[in-house]
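Below is one structure; the comments refer to it alone.
In the working numbering, the protein residues as written are 205 to 387.
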């Protein structure tokens, strides 16, 4: 099964080989990677391998992250990606995340993409709950999650050792019933 969704301004679609170069570029941007759990740069060869992996993966496979390309309708290339992972320990729940290239942030694309992802996760996959994890210093992401109706459920202090330092995180959650009542 392949995912393809359209919103007013966006196409959310499976990764294609033509995406590898743009994917490698924004994933190599130090400002974009600052709060993310990867180490830049992302070599093009690794981006190509990633695209091949995504093309072989079935969305919704428990324990496997599935990335979806975000492409504005007026452009012929992706500008970011959103991802979800159905939890292997409870297949009625999923975690999600989003990354946008710097020049496409602050245009409402992230909120539009996540709102459509929620519809898929709650309506099509019939999930009970979704969660997102946010670095405590990533204030724009925290505000976005709260605008989307998510509740901050936890603040883990010095929770994770990453990039040579302890990282603190906020965990956000949203129940299907909460999402449905917001429609």
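Every residue, glycine too, gets a C-beta built ideally from N, C-alpha and C.
CA-CA distance, residue i and residue j?
| i | j | result |
| --- | --- | --- |
| residue 286 | residue 322 | 11 Å |
| residue 298 | residue 278 | 31 Å |
| residue 385 | residue 352 | 12 Å |
| residue 371 | residue 280 | 36 Å |
| residue 380 | residue 366 | 32 Å |
| residue 219 | residue 310 | 23 Å |
| residue 213 | residue 313 | 8 Å |
| residue 346 | residue 300 | 14 Å |
| residue 320 | residue 211 | 7 Å |
| residue 378 | residue 348 | 13 Å |
For residue i, count neighbouring Cβ atoms within 10 angstroms of its own Cβ and tell me buried if that reaches 16, exposed if not.
| i | result |
| --- | --- |
| residue 383 | buried |
| residue 360 | exposed |
| residue 264 | buried |
| residue 273 | buried |
| residue 387 | exposed |
| residue 234 | exposed |
Among the options, which residue has its Cα nearest to the Cα of residue i?
| i | options | result |
| --- | --- | --- |
| residue 209 | 377, 318, 332 | 318 |
| residue 343 | 216, 238, 211 | 238 |
| residue 373 | 212, 207, 240 | 240 |
| residue 257 | 248, 245, 246, 270 | 270 |
| residue 355 | 284, 362, 341, 333 | 333 |
| residue 266 | 255, 364, 329, 341 | 329 |
| residue 368 | 243, 226, 284 | 243 |
| residue 199 | 302, 290, 261 | This structure gives no information on residue 199, because the portion of the chain shown stretches from 205 to 387. |
| residue 316 | 250, 268, 377, 276 | 276 |
Can you tell me where the beta strand (DSSP E) with residue i in it begins and where it stops?
| i | result |
| --- | --- |
| residue 288 | 284-290 |
| residue 362 | 355-366 |
| residue 299 | 297-304 |
| residue 255 | Run containing residue 255: none in the beta strand (DSSP E); it sits in the alpha helix (DSSP H), 248-260. |
Starting from residue i and walking both ways along the alpha helix (DSSP H), at which residues does that stretch end?
| i | result |
| --- | --- |
| residue 347 | 343-351 |
| residue 376 | No alpha helix (DSSP H) contains residue 376, which is instead part of the beta strand (DSSP E) from 369-379. |
| residue 323 | 313-323 |
| residue 339 | Run containing residue 339: none in the alpha helix (DSSP H); it sits in the beta strand (DSSP E), 333-339. |
Validate contact between the segment 226-245 and the segment 295-308 using beta carbons, cut 8 Å, 3 pairs: yes
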